[in-house]
Amino acid sequence: MSNVELFPRYRMEPHEAALASANTIAATLHTIASAHVDYTRKAIQDGTDFWTRLTSLQSPEQAVGLQSEFAQNSYQAFIVEMKRISELYVDLLEHTFEPFGTMAHGSKF
């Protein structure tokens, strides 16, 4: 019988919960980082497209209209992405404190 098998099971549960939570946290952090990178990439591409279209316009009225459209679309995209990313941060916080809840409510010390 190994030392691990002799170790009481109830003492291992909090550690296993913490390890599982750490794996989930790492995956969630990766998802958050990817979401930020994707949003940044899209924002840069939209900005490049805007400048390309802006330099081809002939009148100031067209430029103002294009700028208004760009600002509105950028704002809406920002709100949608930040809502999605904030939900990922909430998920991260839930997983961060999950082992503490397990230890406080269900495990023996």
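Mapping of the sequence shown onto the numbering used here: residues 60 to 168, in sequence order. No residue lacks a Cβ here, since even glycine has one placed at the ideal position from N, Cα and C. On a predicted model such as this, the values are computed, not experimentally measured, just so you know.
Using CA coordinates, which residue listed in S80, L113, S133 and G124 is at the minimum distance from M102? Position 43 of the sequence shown, counted from the first residue, corresponds to residue 102. The question names Met, but residue 102 in the sequence shown is Ala. Closest option to A102, Cα to Cα, is S133.
As assigned by DSSP and simplified to three states, the class of S93: Residue numbering aside, residue 93 sits at position 34 when the sequence shown is read from its first letter. S93 falls in the helix class under three-state DSSP.
Using the rule of at least 16 other Cβ atoms within 10 Å of the residue's Cβ for burial, across every protein chain shown, is S24 buried or exposed? As displayed, the chain neither begins before 60 nor continues past 168, which places residue 24 out of reach and without an answer.
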